[in-house]
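Shown next, in structure tokens, is the structure this report addresses.
Residue numbers (our numbering): 23 to 471.
Take a look at the structure:
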């Protein structure tokens, strides 16, 4: 691991029992997503966009082991004798992860239990100090990210949908379309996350003021029905709609529609969801589309993708119609400062699917944009890079190595994203060809930029 062990960022101290609750909740989800992966599914096929599950499980344990037990608590050994030689993502090349001498699944889960118990033993009674609060949240949120990856890996490989325990009562998912734009006033905006956010990743910092011109943005993401019109109009065959890089990717991918769309016996488009084929639901957001596909659709529709600053303004602006600076009065989530729940956002994987774009009106932003948190990650036009004054945090490999790679920023989270991870300032980033991730997009009017 590449790290800066002498610099643990400031963060809000947390009660130790809350840190344990989060740690155990993340671990339950990890187990639910992987416990049935026996036989050949422990490894799965060698692909650039997935990891072998047995490696990824061990890596989750190693991350806790390395940052919490060794770097924070000062242990001089790992909880597995070969942990660094098996599970360190910074030193083990992706393609070699299928060839390593891993312990079996029971022993791998045992390693995770041992690390967890050692972490809990070292927590104080009452409130943890800022450094401990930071590291325990870092490692837990890292596990949450891998839980999301396990979920969409199961989709990629056509495995059955996992069964989750403790599913809460959920609102009706079918609510229809939500057409139209909202007008967003221009002004200054404090982009990123400031110290009022209890835990911030390094690429969200430092919050800094940017100028945003007035713009109009869609109330909802592009739906399957809207995207189907692009497909039916020959969008995947029209060279003039695609960038050079996008067209090269499309020829290699050989797609004529989004990756998991298939034609039924009657010629109608369907979609594969995990190991089942289902009717295309017209008012769900189009999902599993690459940046290149989003870009081509926008050109066809006479629209454009928002910048990440525009996206954040639309999501976080407080309900004030005055002309005061947008840097004031930001919300942590689109609806305010109350944490997410199932009535406001489709998160935490409970449904194993998207909901209609008009669902969950309680989650609207002040401007009336819906589902800016949850349902699908939303591509923006912005290239992923450091904010002015960026400094890498304890986990140096989280952001810094990926700045030169031309990744694009995504915002808002998706249905498998854990609710404790996501907020208006969270920045995700993927290379533009990725469509295995549950990604969609909303659009802006072309004359507003």
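Every residue gets a Cβ at the ideal spot worked out from N, C-alpha and C, and that includes glycine.
Beyond the five residues adjoining it in sequence on each side, residue 230 comes within less than 8 Å, by CB distance, of 212, 213, 214, 409, 410 and 411 in the same chain, given in chain order. Within the DSSP bridge table, the entry for residue 213 names 230 as partners. Taking a 10 Å sphere around the C-beta of residue 180, we find fewer than 16 other C-beta atoms and assign the residue as exposed.
Following the DSSP letters along the chain, one finds residue 155 inside the alpha helix (DSSP H) bounded by residues 152-179. Using a Cβ distance threshold of 8 Å, residue 245 and residue 190 do not count as a contacting pair. Within the same chain, and ignoring the five residues on either side of residue 81 in sequence, the residues whose Cβ sits closer than 7 Å to its Cβ are 109 and 111. Contact check for residue 317 against residue 268 passes: the beta carbons are separated by less than 8 Å. Classified as exposed, residue 58 has fewer than 16 neighbouring CB atoms from the shown chains inside 10 Å of its CB. Judged by DSSP secondary structure, residue 131 falls within the alpha helix (DSSP H) whose first and last residues are 127-143. Where residue 284 is concerned, the enclosing beta strand (DSSP E) starts and stops at 283-285. Under the DSSP assignment, residue 274 falls in the alpha helix (DSSP H) whose first and last residues are 266-275. The three-state secondary structure of residue 220, taken from DSSP, is coil. In this structure residue 382 is in contact with residue 193, their Cβ atoms being roughly 7 Å apart against a cut-off of 8 Å. If you ignore the 5 residues before and after residue 333, its C-beta comes within less than 6 Å of the C-beta of 402 and 433, all in its own chain and listed in chain order. Within a 10 Å sphere around the beta-carbon of residue 218 sit fewer than 16 other beta-carbons, which makes this residue exposed. At least 8 Å separates the beta-carbon of residue 399 from that of residue 454.
Assigned with DSSP and collapsed to three states, residue 54 falls in helix. Put simply, of 243, 60 and 157 the residue whose alpha carbon is nearest the alpha carbon of residue 198 is 243. Per DSSP, residue 399 is not a residue of any alpha helix (DSSP H); the beta strand (DSSP E) it occupies stretches across 399-405. A Cβ-Cβ separation of about 6 Å places residue 49 in contact with residue 138 under the 8 Å criterion. Three or more beta-carbon pairs separated by less than 8 Å link the stretch 164-171 to the stretch 436-445, which places the two stretches in contact.
Cβ-Cβ distances below 7 Å link residue 282 to 293, 294 and 310 in the same chain, with the five nearest sequence neighbours on each side left out; the list follows chain order.
Linking residue 77 to residue 376 through their CA atoms gives a straight-line distance of about 29 Å.
By the C-beta density criterion, residue 131 is buried, having at least 16 other C-beta atoms within 10 angstroms. Residue 239 carries a strand assignment under DSSP once its states are collapsed to helix, strand and coil. When secondary structure is reduced to three states using DSSP, residue 452 falls in the strand class.
Between residue 389 and residue 336, the gap from beta carbon to beta carbon is short of 8 Å. Exposed is the label assigned to residue 113, since fewer than 16 other Cβ atoms lie within 10 Å of its Cβ.
Spanning the alpha carbons of residue 89 and residue 164 requires a straight line of approximately 11 Å.
A direct Cα-Cα distance of roughly 38 Å separates residue 150 from residue 462.
For residue 206, DSSP records a beta bridge to 237. The continuous beta strand (DSSP E) containing residue 300 extends over residues 298-301.
For residue 432, no alpha helix (DSSP H) encloses it; the enclosing beta strand (DSSP E) starts and ends at 430-433. The three-state reading of DSSP puts residue 70 in coil, since its state is none of H, G, I, E or B.
Residue 413 places its beta carbon 8 Å or farther from that of residue 216.
The alpha-carbon separation between residue 429 and residue 315 amounts to approximately 15 Å.
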